[in-house]
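Input: a single structure, listed below in structure tokens.
Structure representation (structure tokens):
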């Protein structure tokens, strides 16, 4: 698996990253009542980025203490149907990905290989169930692992915090005053694994705001960080999803 397939898999399984994150809880936080908790959840849901077709360009950078490497990606989505990604470096396409509800297909043009995976393959890496919806939500900025019945809201000085203490993991969602996503934290204390996703630079050209800049912080030995910077975001323009495998590919 070359490094760009690794980038794709890494994006799919972000929440399985290994670093230590401890959140300092302010003493003046007050748990709001159930009615307000529901109001916060409803307001967050109203900001969900909705579309039939989605297209964007993205720069993906993985950086650590040893250096950084980047690639450019063209992303196309038909909601609840298919995800198409073309990854290139220095103007040369190296990887093409096509994901449906059943499988993920990968063309590795550099090594002239074709691979297909079911979602159980990714679940093996993450130790949780991975599906198509999780991947689409990750790109569109909709919270993953969000069970609204289990989250409780706390109001801070200038943000809202939704928290869920689950049996296996604790989840935090921090919201801006306008109820857009500020950050998401997932902590698995038993396994000693957790991650932090940050959402920045919201574009409001469409009906719902879309975070153009994403960051994943990993407090591992190499201080690994993943940056995804979106541009040229368009919605609801019909798209094609070309994916042809040459016979000479393995």
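Residue numbers (the working numbering): 2 to 251. Glycine included, C-beta positions come from ideal geometry on N, C-alpha and C.
- With three or more CB-CB distances shorter than 8 Å, the region 86-94 counts as touching the region 65-78.
- Distance from the CA atom of residue 132 to the CA atom of residue 115, rounded to whole angstroms, is 21 Å.
- Assigned with DSSP and collapsed to three states, residue 66 falls in coil, not helix or strand.
- Between residue 242 and residue 55, the CB-CB gap reaches or exceeds 8 Å.
- Secondary structure of residue 47 (DSSP, three-state): helix.
- Within the same chain, Cβ atoms closer than 6 Å to the Cβ of residue 213 are found at 202, 204 and 231, the five residues on either side in sequence being excluded.
- Assignment of residue 216 by DSSP, reduced to helix, strand and coil, places it in the strand class.
- Fully enclosed beta strand (DSSP E) runs of no fewer than 3 residues occupy 153-156, 161-166 and 171-176 of the region 136-184, in order along the chain.
- Here residue 94 is bridged, per DSSP, to 89.
- Counting only runs of 3+ residues, the beta strand (DSSP E) found wholly inside the region 219-249 occupies 226-236, in chain order.
- Across the structure, residue 69 and residue 63 are spaced so that their CA atoms are roughly 6 Å apart.
- Residue environment analysis places residue 101 among the exposed positions, since fewer than 16 neighbouring C-beta atoms fall within 10 angstroms of its C-beta.
- In the structure shown, the three-state DSSP call for residue 107 is strand.
- The DSSP-derived three-state label of residue 123 is helix.
- In the structure shown, the three-state DSSP call for residue 82 is coil.
- In the same chain as residue 211, and ignoring 5 residues on each side of it, the C-beta atoms closer than 7 Å to its own belong to 50, 142, 203, 204 and 234, in chain order.
- Taking a C-beta distance under 8 Å as the contact criterion, residue 119 and residue 103 qualify as a contact pair.
- Excluding the 5 residues flanking it on each side, residue 159 has same chain C-beta neighbours closer than 7 Å at 178, in chain order.
- Our two residues, residue 171 and residue 248, have alpha carbons roughly 47 Å apart in a direct line.
- When secondary structure is reduced to three states using DSSP, residue 190 falls in the coil class, being assigned neither helix nor strand.
- In the same chain as residue 189, and ignoring 5 residues on each side of it, the C-beta atoms closer than 7 Å to its own belong to 169, 170 and 195, in chain order.
- C-alpha of residue 228 to C-alpha of residue 184: approximately 14 Å in a straight line.
- The Cβ neighbour count for residue 167, taken over all protein chains shown within 10 Å, is under 16; the residue is labelled exposed.
- DSSP lists 109 as the beta-bridge partner residues of residue 114.
- The DSSP-derived three-state label of residue 77 is strand.
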